[in-house]
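Shown next, in structure tokens, is the structure this report addresses.
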Amino acid sequence: MRSTQRSACVVALSTFVPFLLIIAAARSADDVRASRQNSLSYKIVESESVPPHKRSLTVILDRKVSEAALRDLALRLKAQSSQRYERTFITYYLPGMTINAGAWATTHFNPDLQVRIFGLTLEQEKKLVSEPVPAGWDVLGRWLDERPFFGKRVTIFRQAGTLYVEEKYPDGSAVKKKLLERKTPRGRRLQTSIMRDSDAGDHWLLRPDGTLELRDNEGLIATLRKVPWPSTEKSETAVRQRGGPSQAQKSQVPDRAKLLEQAKLGKRETRKSVSRRTVDEERRAGSRLRLAMKLLERGKRESAKRFLQRIVKESPGTKAAKKAKELLSEL
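Just so you know, we're using my numbering here: the sequence shown kicks off at 19 and counts up by one.
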């Protein structure tokens, strides 16, 4: 009887142990090839560990995902290791992004999980892309600047014969500026007056194929991704069918409304002067932040750190200062 039981145990173990080995081999293979979980593809391209203190992973995602999906993926990646670590740092990049030149997102267990997205989120992108173009804009193109900390939508258009650029940010703020254009063999070189006066030589290059590049004197900074733009123009007939006023009716502004508009004009002029100063300060801080990012890309962490600290000290309250603080916390 005992001999029969021992034989049964041996058979069971001989079946179960290879099964465990197969599972272990499948898990370790995740580090060297793309894995698919809930329709999300990712690839672990770098893995470093200092047991039992720290484990670091660099992951390339096939697309943007929500913050909730990142959280789920982080928990799965952490659980894949049989070794327990005090801290686990996971950095995420999107296709086409340069490794170690600014990540799209991180999920760090330090020791508690903190999810941070530095580029445009999935929700922010959907909102920026779906916003219609105002009536009267003759759009040349619309693009997304997806650099970490610099995420925005860029629209180049003509209005009443003048060329403009609008930069729309995820928080809803927007800046509209006139553009100076010069044709070059590579395409149309576009600059705002602030760009033109910059020593760095910042400019956009709109290529014949519709590609928009951000450049400076040292070369290419970023290539922006072109996106479609919905139109808001509606026919007069469609408006009248819904019971709305026609264009002719809209043009008949009551005298009282005109007087109110004139009364607000003085306040607007005051706001404009404050707004110009704010934009100039943002520009200066933004230029310093770009320089700090370039230093980081070249591995000059201490020099970049000094620039970031200077931004925080000299340009408090700006978007660049907020981003500089976030970068300093990562260094």
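Even for Gly, the Cβ is constructed at its ideal location relative to N, Cα and C.
DSSP beta-bridge partners of residue i
i	result
Gly-237	Asp-234
Phe-327	Here the sequence assigns Gln to residue 327, which means Phe is not the residue at that position. None, per the DSSP bridge assignment.
Asp-90	DSSP output for Asp-90 lists no bridge partner at all.
Ile-212	According to DSSP, Ile-212 bridges with nothing at all.
Arg-200	Arg-207
Ser-74	Glu-66 and Phe-107
Gly-159	Ile-174
Phe-7	Any property of residue 7 remains undetermined from this structure, which presents the chain solely from 19 to 349.
Leu-79	Tyr-60
Option nearest residue i by Cα separation, candidates the options
i	options	result
Lys-144	Leu-198, Leu-158 and Ser-84	Ser-84
Gly-219	Leu-242, Ala-338, Ser-99 and Thr-210	Thr-210
Val-151	Leu-198, Glu-184, Ala-119 and Asp-217	Glu-184
Thr-173	Glu-199, Lys-194, Ala-121 and Lys-331	Lys-194
Asn-118	Glu-332, Glu-300, Arg-319 and Lys-244	Arg-319
Ile-212	Lys-170, Glu-299, Tyr-60 and Val-147	Glu-299
Phe-127	Leu-95, Glu-64 and Gly-228	Leu-95
Phe-168	Gln-142, Pro-248 and Glu-199	Gln-142
Pro-248	Leu-313, Ile-135 and Ser-148	Ser-148
Lys-244	Asn-235, Ile-135 and Asp-227	Asp-227
Leu-162	Pro-246, Arg-324 and Arg-301	Pro-246
Residue i, buried or exposed, once every other Cβ within 10 Å from all chains shown has been counted against 16
i	result
Gly-154	exposed
Ser-100	exposed
Thr-180	exposed
Lys-82	buried
Lys-341	buried
Gly-137	buried
Pro-129	exposed
Pro-334	exposed
Lys-336	It is Thr, not Lys, that sits at residue 336 in the sequence shown. Label assigned to Thr-336: buried.
Arg-258	Confidence at Arg-258 is low in this model, with a pLDDT of 40, below 50, so the placement of that residue is unreliable and no value is reported for it.
Ala-322	buried
Arg-214	exposed
Arg-160	buried
Arg-6	Since the first and last residues shown for the chain are 19 and 349, residue 6 lies out of range.
Sequence-distant residues of its chain with Cβ nearer than 6 angstroms to residue i (five each side left out)
i	result
Arg-73	Ser-67, Tyr-103 and Thr-106
Leu-346	Leu-326
Ala-338	Ala-303, Gly-304, Leu-307 and Ile-329
Thr-241	Glu-231
Ala-178	none
Leu-314	Ala-322
Own chain partners of residue i with C-beta closer than 8 angstroms, once the 5 adjacent residues on each side are dropped
i	result
Leu-131	Arg-89, Ala-92, Leu-93 and Thr-125
Arg-204	Leu-223 and Arg-225
Ser-65	Asp-49, Arg-73, Ser-74, Leu-75 and Thr-76
Ile-135	Glu-85, Leu-88, Trp-122 and Ala-123
Same chain, Cβ closer than 7 angstroms to residue i, neighbours up to 5 away in sequence not counted
i	result
Arg-233	His-221, Leu-223 and Ile-239
Tyr-187	Lys-170
Ala-87	Leu-58
Tyr-355	There is simply no residue 355 to check, as the chain begins at 19 and stops at 349 in what is shown.
Asn-235	Ala-218 and Gly-219
Asp-189	none
Separation of residue j from residue i, as counted between CA atoms
i	j	result
Leu-309	Trp-122	19 angstroms
Val-77	Glu-332	35 angstroms
Leu-140	Glu-164	11 angstroms
Met-311	Gly-120	8 angstroms
Leu-112	Asp-80	6 angstroms
Ser-216	Ala-97	49 angstroms
Thr-229	Lys-343	32 angstroms
Ile-62	Leu-349	22 angstroms
Val-133	Pro-166	15 angstroms
Leu-39	Ile-108	Here the model assigns Leu-39 a pLDDT of 36, short of 50, so the residue's position is not dependable and the matter cannot be decided.
Leu-208	Glu-199	5 angstroms
Ser-191	Leu-146	11 angstroms
Arg-206	Val-157	15 angstroms
Pro-69	Tyr-60	24 angstroms
Lys-201	Gly-237	18 angstroms
His-71	Gly-114	32 angstroms
Ser-264	Arg-324	Annotation note: pLDDT 44 at Ser-264 (below 50); position unreliable, coordinate value reported separately. Cα-Cα distance, rounded: 59 angstroms.
Proximity test, residue i beta-carbon vs the ligand MG heavy atom, cut-off 6 angstroms
i	result
Pro-129	This structure does not include the ligand MG; it has no bound ligands of any sort.
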